[in-house]
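A.B. asks:
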Amino acid sequence: MFLYAVLLVTCTVLCTYAALDLKGMTKTKLAELEAKKMSECLKKFGVNITTLSGYLNEESNNTTKEFKCVLGCFTEEMGYGKDNKPLWDIMEEVHKIEYETKEDKEKALKIVETCKTIVPEEAEDSCELGFAMHSCYTAQARKLGLTLE
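Numbered by mature numbering (1 follows the signal peptide of the UniProt record, and there is no 0), the letters in the sequence shown go through residues -18 to -1, 1 to 131 in order.
Structural data, given as structure tokens:
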């Protein structure tokens, strides 16, 4: 569950439509893919799961470059961003899979609309993009009372 929050990025969308075919994608398959990609990104940047969990649970505000790059890696690997730009249309499609109730889907889509106005259209690098998307998404989810899937 908390891995999606990174996505968000979170937040936080799937490398490109070519990299992940959303047709037929289930919530379970998507969660498994997110967990796999997050694990790979943590390993790639030498960040442990405890650091990630602490940040996601608001027990830490770790903003080292390596940590931001984990979020950037995840964002790109999942297709939520590409070439330092967010791919909001992918995020919207993913939310339709991840959230089951109409109310939660509407909240998630509202978060995307809000974050479109907050997250830069182009970041200096993928690390900053992933961090910006995740930060926006989790802050807005808290405001709306949306539990991150």
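Yeah, the Cβ is synthetic: ideal placement off N, Cα and C, and Gly gets one too.
Owing to the predicted nature of the structure, the values given are computational and were not obtained by experimental measurement.
Are the CB atoms of L126 and I93 within a distance shorter than 9 Å?
C.D. replies: Stepping through the sequence shown from its first residue, residue 93 is reached at position 111. Stepping through the sequence shown from its first residue, residue 126 is reached at position 144. A contact, by the Cβ cut-off of 9 Å.
A.B. asks: May I ask you to report which of helix, strand or coil DSSP gives G36?
C.D. replies: By one-based count along the sequence shown, residue 36 stands at place 54. Residue state, collapsed to three classes: helix.
A.B. asks: How would you call P102, buried or exposed, if buried means at least 16 neighbouring beta carbons within 10 angstroms?
C.D. replies: As a working note, residue 102 is residue 120 in the sequence shown. By the 10 Å Cβ count, P102 comes out exposed.
A.B. asks: Please check the pair E110 and K50, which I expect to be a contact at CB under 8 Å, by giving their CB distance rounded to whole angstroms.
C.D. replies: By one-based count along the sequence shown, residue 110 stands at place 128. By one-based count along the sequence shown, residue 50 stands at place 68. Indeed they touch by this definition, with Cβ atoms about 6 Å apart.
A.B. asks: According to DSSP, simplified to helix, strand and coil, what is K5?
C.D. replies: Here residue 5 refers to the residue found at position 23 of the sequence shown. K5: coil per DSSP, three-state reduction.
A.B. asks: With a Cβ-Cβ cutoff of 9 Å, do Y62 and M115 count as a contact?
C.D. replies: On the sequence shown, residue 62 is found 80 positions in, with the first residue counted as 1. On the sequence shown, residue 115 is found 133 positions in, with the first residue counted as 1. In this structure, M115 lies closer than 9 Å to Y62 by Cβ.
A.B. asks: Of the residues F56, T8 and S42, which one's Cα is nearest the Cα of K18?
C.D. replies: As a working mapping, residue 18 is identified with position 36 in the sequence shown. K18 has its Cα closest to that of F56, out of F56, T8 and S42.
A.B. asks: Measure the C-alpha to C-alpha separation of Q122 and K98 and round it to an integer number of angstroms.
C.D. replies: By one-based count along the sequence shown, residue 122 stands at place 140. By one-based count along the sequence shown, residue 98 stands at place 116. The alpha-carbon atoms of Q122 and K98 are separated by roughly 12 Å.
A.B. asks: Just list the residues that DSSP pairs P102 with in beta bridges.
C.D. replies: What you label residue 102 is simply residue 120 of the sequence shown in a count that begins at 1. Answer by DSSP bridge pairing: none, since P102 is not bridged.
A.B. asks: Specify, as a first and last residue, the run of the alpha helix (DSSP H) that residue 195 falls within.
C.D. replies: Summary: the structure shown does not reach residue 195, with the chain confined to residues -18 through 131, and so no result is reported for it.
A.B. asks: If we count the other Cβ atoms within 10 Å of its Cβ and call it buried at 16 or more, is G112 buried or exposed?
C.D. replies: As a position in the sequence shown, residue 112 is number 130, starting the count at 1. By the 10 Å Cβ count, G112 comes out buried.
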